[in-house]
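> From first to last, the protein sequence lines are chains P and X.
Just so you know, we're using this note's numbering here: the first sequence kicks off at 308 and counts up by one.
Just so you know, we're using this note's numbering here: the second sequence kicks off at 308 and counts up by one.
2 protein chains.
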Amino acid sequence: MEKLVECVPNFSEGRRADVIEAIVGEIRKIDGVKLLDVKPDASHNRTVVTFVGEPQAAKQAAFSACKKAAELIDMEKHQGEHPRIGATDVIPFVPVRGVTMEECVQLANELGQEIAEKLEIPVYLYEAAAKMPSRVKLPDIRKGEYEGLKQDITKPERHPDYGPPRMHPTAGATVVGARQFLIAFNINLGTSDVTIAKKIANAIREARGGYKYCRAIGVMLEDRNIAQVSINMVDYTGTPLYRVFETVKSEAARYGVNVVGSEIIGMVPLQALLDVAEFYLRLEGFERKQVFEENL
Amino acid sequence: MEKLVECVPNFSEGRRADVIEAIVGEIRKIDGVKLLDVKPDASHNRTVVTFVGEPQAAKQAAFSACKKAAELIDMEKHQGEHPRIGATDVIPFVPVRGVTMEECVQLANELGQEIAEKLEIPVYLYEAAAKMPSRVKLPDIRKGEYEGLKQDITKPERHPDYGPPRMHPTAGATVVGARQFLIAFNINLGTSDVTIAKKIANAIREARGGYKYCRAIGVMLEDRNIAQVSINMVDYTGTPLYRVFETVKSEAARYGVNVVGSEIIGMVPLQALLDVAEFYLRLEGFERKQVFEENL
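See below:
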């Protein structure tokens with residue numbers, strides 16, 4: 308079975324359809340890569356592209372798209388609601404099949420070096436590919452956005468990991484990295500009291516002593532008049548869905564509240580759901596190749 | 308996405324490798340079919356072949372293999388431990404993707420008719436394709452085996468569904484049908500008292516008032532000194548794994564016994580495990596296409 312990575316580059320253009328198509332066209336051109344989704348957002352003035360491919364083909368597609376974005380997007384003129392530092396704002400690689408996180412980190416390094424050398428765009432490495440703790444989180448690297456970084460990039464602590472300590476005149480800077488698949492997982496409570504959802508969110512999120520790979524907030528679903536724990540699972544291999552679900556159930560019970568349902572928003576890796584089935588059925592010695600469709 | 312059926316023909320030859328290879332070779336030849344497994348059993352003198360394919364291609368492969376088996380296997384000389392009535396003993400079709408059970412029944416009828424007309428082998432239809440209640444279960448059709456049926460086939464109640472009311476001189480008769488994917492699912496108990504496993508098996512199996520698509524017995528795992536409820540789930544779309552698992556847990560608790568684990572032996576359709584994850588996470592509005600790998 309071929310090795311597969313997912314790549315989810317974000318470009319700072321969400322309005323001009325011809326520019327978006329030109330950038331996406333560079334990805335389509337590459338053999339061994341499959342485009343899965345293109346999501347332009349006009350108010351963010353930003354487009355999120357999702358594709359999968361064999362690692363070297365994915366790197367090539369990301370580089371070509373980044374090169375095209377540098378030609379067509381001028382950060383000096385860019386405005387939008389979403390924080391950003393460059394024409395190609397961020398390029399994460401995600402392991403999908405037969406690929407380790409380490410290989411994705413290596414891929415991020417290769418791509419970062421190529422972008423820096425051939426395009427003269429400064430590159431920062433983030434998440435699993437970060438070279439220092441202060442650059443693990445994207446918002447830390449994006450501090451001050453394009454306009455602020457343009458001033459601060461000459462300071463040693465903000466020098467890029469690859470490339471010159473100055474912004475590209477039109478394309479700005481780019482963040483490249485490796486991370487796990489992000490799962491948007493919401494758990495609905497049988498109460499209209501949002502403070503209970505907020506307390507449970509605090510119990511499970513890393514920032515408040517909860518699970519390491521769990522971001523959570525408590526919100527109100529106005530149309531259903533129920534409270535929800537809205538969760539981003541940033542690494543399901545480290546913090547599995549079932550463990551968070553069971554903890555939410557147990558914390559909710561402490562308030563006499565039931566979990567009435569849950570939702571997965573968008574995509575979820577098969578393995579994350581197989582892990583759930585394995586846990587609840589208490590399966591012994593189960594192997595993924597026992598899934599019939601894996602053999603087709 | 309193309310339509311896919313699984314086909315699991317059983318041939319009455321498990322010893323002569325050249326004969327098995329000649330039969331399997333007929334399946335390999337057909338475009339649009341993928342051979343997944345060939346399991347010869349010498350003491351049964353029988354080979355179970357598993358392949359998947361587009362419905363018409365699968366039918367063609369099954370017919371070609373059946374024709375070759377009729378040429379190379381002589382039931383007059385066949386001996387083996389497993390009950391059988393013909394060279395190609397049984398051919399079940401199983402819906403895999405984008406195919407209904409009704410389409411598999413239709414496919415079984417087409418194949419049965421073709422085998423009867425072109426090869427002059429009498430054909431019985433079983434399981435979902437059965438034309439009468441007395442032919443739903445395979446053992447009922449196989450009653451008396453090759454030797455007995457050779458005498459009884461002239462009786463009206465044992466006339467075949469397609470073809471002449473007489474055995475093919477060497478190939479005997481063949482059973483064709485449609486059924487769901489069979490999942491072998493065993494649940495291990497924290498007790499060495501096999502009578503508890505037997506009682507639980509009786510509680511869940513159809514024959515004793517339990518779940519319709521559940522066959523179960525209680526056995527002892529001597530090497531681990533624990534009792535096991537050994538289950539065949541014959542239609543996971545009608546009786547899901549989680550329901551049986553929860554019932555076994557609850558019945559075991561009645562004896563103060565825990566479920567210590569479970570095992571899936573061999574293959575399981577992805578949907579059967581997704582159903583488990585959906586149930587335990589109480590998922591709302593989940594669609595299979597949200598599984599990332601389904602989009603590759």
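Just so you know, even glycine gets a beta-carbon here, dropped at the ideal spot from N, CA and C.
(1) What residue range does the alpha helix (DSSP H) around K506 (chain P) cover?
(2) Interface residues of chain X around P576 (chain P) at Cβ under 9 Å?
(3) Locate the alpha helix (DSSP H) running through G332 (chain X), then write down its first and last residues.
(4) Whose CA, out of X:S537, X:L581 and X:E388, lies closest to the CA of I572 (chain X)?
(5) Let me know if T461 (chain P) comes out buried or exposed under the rule of 16 or more other beta-carbons within 10 Å of its beta-carbon.
(6) I'd like to check one pair, I398 (chain P) with P316 (chain P): are the Cβ atoms closer than 8 Å?
(7) Following the continuous beta strand (DSSP E) through T481 (chain X), name the residue where it begins and the one where it ends.
(8) Is there a Cβ of chain X sitting closer than 8 Å to that of A523 (chain P), yes or no?
(9) Below 8 Å on C-beta distance, what does H342 (chain P) contact in chain X?
(10) So E328 (chain P) and G592 (chain X) are supposed to be a Cβ contact under 8 Å. How far apart are they, rounded?
(11) Return helix, strand or coil for Y433 (chain P), following the three-state DSSP convention.
(12) Beta carbon of I503 (chain P), beta carbon of A534 (chain P): below 8 Å?
(13) Would you kindly report the start and end of the unbroken alpha helix (DSSP H) that includes Q535 (chain P)?
(14) Below 8 Å between beta carbons is the criterion; list the residues of the region 555-576 of chain X that meet it against any residue of chain P, in chain order.
(15) For S350 (chain X), write down the residues that DSSP places opposite it in a beta bridge.
(16) Going straight from the alpha carbon of E454 (chain P) to that of I392 (chain P), what length do you get?
(17) Taking C-beta pairs closer than 8 Å, name the residues in chain X that E591 (chain P) reaches, listed in chain order.
(18) Pair every Cβ in the region 467-476 of chain P with every Cβ in the region 508-527 of chain P, then say whether three or more of these pairs are closer than 8 Å.
(19) Report the option in P:G451, P:T357 and P:H351 whose CA atom is closest to the CA atom of G332 (chain P).
(20) When DSSP labels each residue in this structure, what does K408 (chain X) get in the three-state scheme?
(21) Which stretch, first to last residue, makes up the beta strand (DSSP E) that contains R522 (chain X)?
(22) Could you tell me whether the Cβ atoms of P402 (chain X) and V312 (chain X) are closer together than 8 Å?
(23) Beta-carbon of V312 (chain X) versus every beta-carbon of chain P: anything under 8 Å?
(24) In this structure, what does DSSP give as the bridge partners for L342 (chain X)?
(25) Residues of chain P with CB closer than 8 Å to the CB of F400 (chain X), please, in chain order.
(26) Taking only beta-carbon atoms, is Y543 (chain P) less than 8 Å away from chain X?
(27) Roughly how far, in whole angstroms, is the beta-carbon of E558 (chain X) from the beta-carbon of I507 (chain X), given that I think they are within contact range, below 8 Å?
(28) Could you give the residue range of the alpha helix (DSSP H) that holds F552 (chain P)?
(29) Is R531 (chain X) near V566 (chain P), with beta carbons less than 8 Å apart?
(30) Less than 7 Å between C-beta atoms, sequence neighbours within five positions excluded: which residues of the same chain meet that for E421 (chain P)?
(31) Against chain X, does A394 (chain P) count as a neighbour if the rule is that its beta carbon must be under 8 Å from one of theirs?
(32) Taking C-alpha atoms, which residue in X:D582, X:G563, X:Y562 and X:E529 lies nearest to V551 (chain X)?
(33) Nearest chain P C-beta to L603 (chain X) closer than 8 Å, yes or no?
(34) I'd like the list of long-range same chain contacts for V345 (chain X), defined as Cβ closer than 6 Å, with 5 residues on each side in sequence excluded.
(35) Cβ of E600 (chain X) versus every heavy atom of the ligand NAP: is any distance shorter than 7 Å?
(36) Which chain P residues sit within Cβ distance under 9 Å of F552 (chain X)?
So, to answer that:
(1) Translated into positions along the first sequence, residue 506 (chain P) becomes position 199. From DSSP, the alpha helix (DSSP H) with K506 (chain P) extends over V501 to I511.
(2) Indexing the first sequence from 1 puts residue 576 (chain P) at position 269. What P576 (chain P) touches in chain X: V598, F599 and E600.
(3) By 1-based counting over the second sequence, the position of residue 332 (chain X) is 25. Note, G332 (chain X): alpha helix (DSSP H), A324 to R335.
(4) Locating residue 572 (chain X) in the second sequence gives position 265, where the first residue counts as 1. That would be X:S537, whose Cα lies nearest to the Cα of I572 (chain X).
(5) The residue you call residue 461 (chain P) lines up with position 154 of the first sequence. Exposed, because fewer than 16 other Cβ atoms sit within 10 Å of the Cβ of T461 (chain P).
(6) Counting from 1 along the first sequence, the entry for residue 316 (chain P) is found at position 9. Counting from 1 along the first sequence, the entry for residue 398 (chain P) is found at position 91. It is a contact, given that the beta carbons lie within the stated cut-off.
(7) As a position in the second sequence, residue 481 (chain X) is number 174, starting the count at 1. Note, T481 (chain X): beta strand (DSSP E), T481 to A485.
(8) Here residue 523 (chain P) refers to the residue found at position 216 when the first sequence is read from its first residue. Not closer than 8 Å to any Cβ of chain X, the Cβ of A523 (chain P) fails to qualify, so no.
(9) Taking the first sequence and counting its residues from 1, the one referred to as residue 342 (chain P) is at position 35. Note that residue 342 (chain P) corresponds to Leu in the displayed sequence, not to His. In chain order: nothing, as chain X lies at least about 11 Å away.
(10) Indexing the first sequence from 1 puts residue 328 (chain P) at position 21. Indexing the second sequence from 1 puts residue 592 (chain X) at position 285. About 32 Å separates the two Cβ atoms, so there is no contact after all.
(11) Working through the first sequence from its first residue, we reach residue 433 (chain P) at position 126. Three-state DSSP puts Y433 (chain P) in a strand.
(12) Here residue 503 (chain P) refers to the residue found at position 196 when the first sequence is read from its first residue. Here residue 534 (chain P) refers to the residue found at position 227 when the first sequence is read from its first residue. Between I503 (chain P) and A534 (chain P), the C-beta gap is smaller than 8 Å, which places the two residues in contact.
(13) As a first step, residue 535 (chain P) is located in the first sequence; it is residue number 228 there, counting from the start. Segment I533 to M540 is the beta strand (DSSP E) holding Q535 (chain P); no alpha helix (DSSP H) there.
(14) V566, V567, G568, S569, E570, I571, G573, M574, V575 and P576
(15) Here residue 350 (chain X) is taken as the residue at index 43 of the second sequence, counted from 1. None, per the DSSP bridge assignment.
(16) As a working mapping, residue 454 (chain P) is identified with position 147 in the first sequence. As a working mapping, residue 392 (chain P) is identified with position 85 in the first sequence. Using only the alpha carbons, I get a separation of about 8 Å.
(17) The residue labelled residue 591 (chain P) in the question sits at position 284 within the first sequence. Simply N495, G568, S569 and E570.
(18) Short answer: they don't touch.
(19) Residue mapping note: residue 332 (chain P) aligns to position 25 of the first sequence, counting from 1. Of the listed residues, the one whose Cα sits closest to G332 (chain P) is P:T357.
(20) Start at 1 with the first residue of the second sequence, and residue 408 (chain X) comes out as number 101. In the sequence under discussion, the amino acid at residue 408 (chain X) is Met, which differs from the Lys named in the question. Here M408 (chain X) sits in helix by DSSP.
(21) Sequence index remark: in the second sequence, residue 522 (chain X) carries index 215 (1-based). C521 to L528 is the extent of the beta strand (DSSP E) around R522 (chain X).
(22) As a first step, residue 402 (chain X) is located in the second sequence; it is residue number 95 there, counting from the start. As a first step, residue 312 (chain X) is located in the second sequence; it is residue number 5 there, counting from the start. Result yes, Cβ atoms of P402 (chain X) and V312 (chain X) sit closer than 8 Å.
(23) What you label residue 312 (chain X) is simply residue 5 of the second sequence in a count that begins at 1. No, no contact with chain P.
(24) Taking the first residue of the second sequence as 1, we reach residue 342 (chain X) at position 35. BP columns for L342 (chain X) point to X:F358.
(25) Here residue 400 (chain X) is taken as the residue at index 93 of the second sequence, counted from 1. Per Cβ cutoff of 8 Å: no residues; F400 (chain X) is ~15 Å from chain P at best.
(26) What you label residue 543 (chain P) is simply residue 236 of the first sequence in a count that begins at 1. Chain X contact via Cβ: absent.
(27) The sequence position of residue 558 (chain X) within the second sequence is 251, counting from 1. The sequence position of residue 507 (chain X) within the second sequence is 200, counting from 1. Contact flag correct, Cβ pair sits at about 5 Å.
(28) By one-based count along the first sequence, residue 552 (chain P) stands at place 245. F552 (chain P) -> alpha helix (DSSP H) spans L548 to A560.
(29) Counted from its first residue, the second sequence places residue 531 (chain X) at position 224. Counted from its first residue, the first sequence places residue 566 (chain P) at position 259. No; because the gap between Cβ atoms is not below 8 Å, this pair is not in contact.
(30) For this step, residue 421 (chain P) is matched to residue 114 along the first sequence. Taken in chain order, the residues that qualify are F370.
(31) Here the question's residue 394 (chain P) lines up with position 87 in the first sequence. It does not; no Cβ of chain X falls within 8 Å.
(32) The sequence position of residue 551 (chain X) within the second sequence is 244, counting from 1. Among X:D582, X:G563, X:Y562 and X:E529, the Cα nearest to that of V551 (chain X) belongs to X:D582.
(33) Here residue 603 (chain X) is taken as the residue at index 296 of the second sequence, counted from 1. Taking Cβ atoms only, chain P reaches closer than 8 Å to L603 (chain X), which makes this a yes.
(34) By one-based count along the second sequence, residue 345 (chain X) stands at place 38. Excluding sequence neighbours, V345 (chain X) sits near V331 and V356.
(35) By its list of ligands, the structure shown contains no ligand whatsoever, and the ligand NAP lies outside what it can speak to.
(36) On the second sequence, position 245 is the one that residue 552 (chain X) refers to. In chain order: Y587, L588 and R589.
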